[in-house]
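To convert, count from 1 in the sequence shown and add 932; that's my numbering.
Even glycine gets a Cβ: it sits at the ideal position worked out from N, Cα and C.
Right, one structure below, let's go through it.
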Amino acid sequence: MQDNIDRINTAINRLKTADDVALVAVSKRQPPEHIEQALAFGLRIFGENQVQEAKARWADYQTQYNDLELHLLGPLQSNKVSDAVALFDVIHSVDRLKIAEKIASECQKQQKKIQCFIQVNTGLEDQKSGIDVARLNDFYQQCIDLGLHVIGLMCLPPLDEEPAFHFALLRKKAKELGLQNLSMGMSSDYETALRLGATHIRVGSALFGARPSQ
Ligand SMILES: *Cc1c(COP(=O)(O)O)cnc(C)c1O
């Protein structure tokens, strides 16, 4: 794992065009010993894509490590928002009004400030989560009106397309909105994402090794 961490950090230093880049270690479905190892190597920023799995795994560590930062990457259902707001520091998958409203009201109720990324469906894929590019400006304004702390945009390019196009589009949209942060790039394409301005790369298998499929 140390080799993988070194390789990714070297790429960050060599290729980044943003001032600061956070490596979000995507720990979903990884065995507990991989988490222990990553913590021992000093990693503190972790990404998960399911609220229940993340809660079971991280609740105890949160009391042990006060510098832990947990990021929710996967789609959020409204009945999980309360747990998500309690557990996570950052949510990368804000993509529809109902969820934005629920996050805003839970933040108020729990007196917690969550950093949010709006997930953009840059590939116009029907089945994919994310707000359509054409609706992004209106949705962003709605999020601001709700009092959400929107810090940037996130995308997940279609598997069969050149990711650079999607990253460049996301960067353009963030710039138009005056947003500083770009959550883009995974194991297969984080180098491209770094060149195009990523501030948060979300890396799972290239860091921990392949994960069990379910
Ligand atoms: C699983 C996942 C990742 C990490 O994927 P790898 O290919 O293992 O790096 C990144 N982002 C999201 C939204 C994911 O669900």
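Pair within 8 Å by beta-carbon distance, residue i and residue j
{"i": "residue 953", "j": "residue 979", "result": "no"}
{"i": "residue 1131", "j": "residue 1113", "result": "yes"}
{"i": "residue 1061", "j": "residue 1047", "result": "no"}
{"i": "residue 1136", "j": "residue 1127", "result": "no"}
{"i": "residue 933", "j": "residue 969", "result": "yes"}
{"i": "residue 1111", "j": "residue 1083", "result": "yes"}
{"i": "residue 1000", "j": "residue 1036", "result": "no"}
{"i": "residue 1156", "j": "residue 1033", "result": "This structure leaves residue 1156 out entirely; the chain is present only between 933 and 1146."}
Residue i: CB within 7 Å of a non-hydrogen atom of ligand 1
{"i": "residue 1006", "result": "yes"}
{"i": "residue 958", "result": "yes"}
{"i": "residue 953", "result": "no"}
{"i": "residue 1138", "result": "yes"}
{"i": "residue 1118", "result": "yes"}
{"i": "residue 981", "result": "yes"}
{"i": "residue 1088", "result": "yes"}
Residue i - partner residues in DSSP beta bridges
{"i": "residue 1064", "result": "1053"}
{"i": "residue 1085", "result": "1050, 1114"}
{"i": "residue 1132", "result": "954, 1115"}
{"i": "residue 979", "result": "958, 1003"}
Exposed unless 16 or more other CB atoms sit within 10 angstroms - verdict on residue i
{"i": "residue 1056", "result": "exposed"}
{"i": "residue 1045", "result": "exposed"}
{"i": "residue 1053", "result": "buried"}
{"i": "residue 981", "result": "buried"}
{"i": "residue 974", "result": "exposed"}
{"i": "residue 1120", "result": "exposed"}
{"i": "residue 1018", "result": "exposed"}
{"i": "residue 964", "result": "exposed"}
Helix, strand or coil at residue i according to DSSP, with G and I counted as helix
{"i": "residue 1097", "result": "helix"}
{"i": "residue 953", "result": "coil"}
{"i": "residue 937", "result": "helix"}
{"i": "residue 971", "result": "helix"}
{"i": "residue 1046", "result": "coil"}
{"i": "residue 1080", "result": "coil"}
{"i": "residue 1020", "result": "coil"}
{"i": "residue 1120", "result": "coil"}
{"i": "residue 1109", "result": "helix"}
{"i": "residue 1004", "result": "strand"}
{"i": "residue 1025", "result": "strand"}
Any non-hydrogen atom of ligand 3 within 7 Å of residue i CB
{"i": "residue 1134", "result": "Here the bound small molecules are ligand 1; ligand 3 is not part of this structure."}
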